[in-house]
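Next comes the structure, spelled out in structure tokens:
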């Protein structure tokens with residue numbers, strides 16, 4: 001596999017943060033400051049035409065999932081330090097290599113040719129049929145109760161061992177033997193390619209995608225290393241910033257440009273910014289350079305505590321003071337996911 005053309009940004013530690021306000025260096029202080037941030041009146045410095053200046057847009061990253069048991073590849077407790085033993089699969093490698101694609105199966109998929117989605121459950125039904133050893137292992141893991149706990153040590157003790165990226169090595173079924181299906185839409189109606197030629201989608205006798213195919217490749221419905229964000233997703237994320245009155249950054253170092261530029265956009269629009277992240281954040285000093293020393297969180301917060309510790313307590317505090325969402329804005333998780341499904345899936349990474 002050839003060496004990637006792009007590098008992972010910030011392979012060393014980012015500078016340590018300056019806690020703001022100073023009282024936010026403790027859990028009670030951080031909760032108080034973030035509560036003040038979320039309940040403060042809209043900033044008078046916002047540009048004209050903000051759709052809802054009282055609202056908060058949240059930009060979250062991989063750091064919020066560490067507490068759920070998902071192995072962290074960036075560094076201790078989610079801080080951005082490159083794990084020298086970890087190497088991600090880049091987008092161009094995924095598209096070019098059948099072997100690289102065999103490691104990506106436990107997620108929702110989208111077709112790189114026709115861009116149609118394939119639900120995770122439908123995809124995994126095909127995987128179970130094409131890979132009986134994997135299906136048997138999954139049944140065994142479910143029976144063991146390994147998936148009922150979020151404790152990584154408990155999972156390992158019950159037979160579920162994951163590498164730093166969350167992949168699981170299945171005994172007796174190495175990844176180079178793994179088989180996966182093609183996009184069912186392209187299989188039924190092979191599309192015309194960008195060069196005007198007719199695509200080919202071929203499968204073996206059991207329905208596994210064949211390397212002779214020129215279309216129908218399924219990829220994880222996330223943005224991979226080296227892949228450009230869809231233009232519509234980029235515009236939707238920018239619009240979310242423009243429509244809101246403040247920005248809350250959770251569990252991300254903003255090391256990737258696509259994330260950092262959103263925070264920079266908020267700063268350029270004079271939006272108050274709060275950051276809750278373990279370890280340093282890319283260019284964070286610029287986000288707080290104009291804050292007065294006397295503010296207590298209304299115009300900005302920087303805290304270095306785990307989101308799993310702070311957020312539940314923050315919600316309790318907001319409930320105690322009677323700060324709740326406006327009823328006309330409340331959506332069920334399903335409604336919110338359906339309304340923003342396109343942006344949600346593409347901003348996951």
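Numbering (the UniProt record's numbering), first residue to last: 1 to 349. Built from N, CA and C at the ideal position, the CB exists for glycine as well. Since we're looking at a predicted model, the values are computed, not measured.
TODO: Give the secondary structure of residue 316 by DSSP, where H, G and I count as helix, E and B as strand, and everything else as coil.
DONE: Residue 316 sits at position 316 when you count from the first residue of the chain shown. In the structure shown, residue 316 sits in a helix (DSSP, three-state: H, G or I).
Task: Buried versus exposed call for residue 31 [16 or more other C-beta atoms within 10 Å across all chains shown] - done: Translated into positions along the chain shown, residue 31 becomes position 31. Its Cβ being crowded by 16 or more others within 10 Å, residue 31 is buried.
- [ ] Note the first and the last residue of the continuous alpha helix (DSSP H) segment covering residue 29.
- [x] If you number the chain shown from 1, residue 29 lands on position 29. Per DSSP, residue 29 belongs to the alpha helix (DSSP H) from 27-39.
- [ ] Please confirm whether residue 216 and residue 110 have their CB atoms less than 8 Å apart.
- [x] By 1-based counting over the chain shown, the position of residue 216 is 216. By 1-based counting over the chain shown, the position of residue 110 is 110. The answer is no: Cβ separation not under 8 Å.
Open item on the list: Check whether the stretch 178-189 and the stretch 199-208 are in contact - that is, three or more C-beta pairs closer than 8 Å.
Closed with: yes
Open item on the list: Can you list, in chain order, the residues of its chain with a C-beta nearer than 8 Å to that of residue 296? Leave out the 5 residues immediately preceding and following it.
Closed with: As a first step, residue 296 must be located in the chain shown, where it is residue number 296. Around residue 296: 21, 23, 32, 33 and 36.
Open item on the list: Suppose contacts are defined by Cβ-Cβ distances below 8 Å. Is residue 183 in contact with residue 218 by that definition?
Closed with: Here the question's residue 183 lines up with position 183 in the chain shown. Here the question's residue 218 lines up with position 218 in the chain shown. Yes, they are a contact pair.
- [ ] Note down the Cα distance separating residue 319 from residue 186, rounded to an integer number of angstroms.
- [x] For the purposes of this step, residue 319 is identified with residue 319 of the chain shown, where counting begins at 1. For the purposes of this step, residue 186 is identified with residue 186 of the chain shown, where counting begins at 1. Their Cα atoms are separated by approximately 50 Å.
Task: CA nearest to the CA of residue 244, picked from 38, 292, 229 and 13 - done: Reading the chain shown from its first residue, position 244 is the one you call residue 244. Checking every option, the nearest Cα to that of residue 244 belongs to 38.
- [ ] Given a cut-off of 8 Å, decide if residue 281 and residue 254 are closer than it, judged by their beta-carbon atoms.
- [x] Start at 1 with the first residue of the chain shown, and residue 254 comes out as number 254. Start at 1 with the first residue of the chain shown, and residue 281 comes out as number 281. The answer is yes: Cβ separation under 8 Å.
Open item on the list: Could you tell me the alpha carbon to alpha carbon distance between residue 78 and residue 200, rounded to whole angstroms?
Closed with: Within the chain shown, residue 78 is the residue found at index 78, counting from 1. Within the chain shown, residue 200 is the residue found at index 200, counting from 1. Residue placement at residue 78 cannot be trusted, given a pLDDT of 45 that sits under 50; what the coordinates show is reported in the next sentence. Each residue's Cα considered, the two are about 43 Å apart.
TODO: State the DSSP-derived secondary structure class of residue 15, mapped to helix, strand or coil.
DONE: Taking the chain shown and counting its residues from 1, the one referred to as residue 15 is at position 15. Three-state result, residue 15: coil.
- [ ] Could you tell me how far apart the beta carbons of residue 133 and residue 172 are, in whole angstroms, since I believe they sit closer than 8 Å?
- [x] Position 133 of the chain shown, counting from 1, holds the residue named residue 133. Position 172 of the chain shown, counting from 1, holds the residue named residue 172. That belief holds up - the Cβ atoms of residue 133 and residue 172 are roughly 5 Å apart, short of 8 Å.
Open item on the list: Measuring only the C-alpha atoms, how far is residue 115 from residue 197?
Closed with: Reading the chain shown from its first residue, position 115 is the one you call residue 115. Reading the chain shown from its first residue, position 197 is the one you call residue 197. If I take the Cα positions, the gap works out to 18 Å.
Open item on the list: Mapping the DSSP letters down to three states, classify residue 234 as helix, strand or coil.
Closed with: Locating residue 234 in the chain shown gives position 234, where the first residue counts as 1. If DSSP states are grouped into helix, strand and coil, residue 234 belongs with the helices.
Task: Closest residue to residue 55 among 68, 45 and 40 (Cα-Cα distance) - done: By 1-based counting over the chain shown, the position of residue 55 is 55. That would be 40, whose Cα lies nearest to the Cα of residue 55.
Task: beta strand (DSSP E) segments (min. 3 residues) lying fully within the stretch 245-294 - done: 273-276
Task: Distance, residue 131 Cα to residue 64 Cα - done: Indexing the chain shown from 1 puts residue 64 at position 64. Indexing the chain shown from 1 puts residue 131 at position 131. Whole-angstrom Cα-Cα distance: 32 Å.
Task: Burial state of residue 5 (16 or more Cβ within 10 Å) - done: As a working note, residue 5 is residue 5 in the chain shown. In this prediction, residue 5 scores a pLDDT of 44, lower than 50, which makes its location untrustworthy; the coordinate-derived value is nonetheless stated afterwards. Burial call: exposed.
Open item on the list: Please classify residue 14 as buried or exposed, where buried requires at least 16 neighbouring CB atoms within 10 angstroms.
Closed with: Position 14 of the chain shown, counted from the first residue, corresponds to residue 14. By the neighbour-count rule (16 or more Cβ atoms within 10 Å), residue 14 is buried.
TODO: With a cut-off of 8 Å on the beta carbons, I'd call residue 89 and residue 96 a contact; round off their distance for me.
DONE: Taking the first residue of the chain shown as 1, we reach residue 89 at position 89. Taking the first residue of the chain shown as 1, we reach residue 96 at position 96. Their Cβ separation, rounded to whole angstroms, is 11 Å, which puts residue 89 and residue 96 out of contact at 8 Å.
- [ ] From the DSSP output, read off the bridge partner residues of residue 60.
- [x] By 1-based counting over the chain shown, the position of residue 60 is 60. Answer is 250, bridged to residue 60.
Open item on the list: Going by DSSP in three states, residue 198 sits in which element: helix, strand or coil?
Closed with: Taking the chain shown and counting its residues from 1, one reaches residue 198 at position 198. Note: residue 198 maps to strand in three-state DSSP.
Task: Helix, strand or coil at residue 160 [DSSP, three-state] - done: The sequence position of residue 160 within the chain shown is 160, counting from 1. In the structure shown, residue 160 sits in coil (DSSP, three-state: anything other than H, G, I, E or B).
Task: Rounded Cβ spacing between residue 251 and residue 60 (contact assumed at less than 8 Å) - done: As a position in the chain shown, residue 251 is number 251, starting the count at 1. As a position in the chain shown, residue 60 is number 60, starting the count at 1. So it is a contact: roughly 6 Å between Cβ atoms.
Open item on the list: Just verifying my parser: in three-state terms, what is the DSSP assignment at residue 221?
Closed with: One-based indexing of the chain shown puts residue 221 at position 221. Reduced to three states, the DSSP call for residue 221 is coil.
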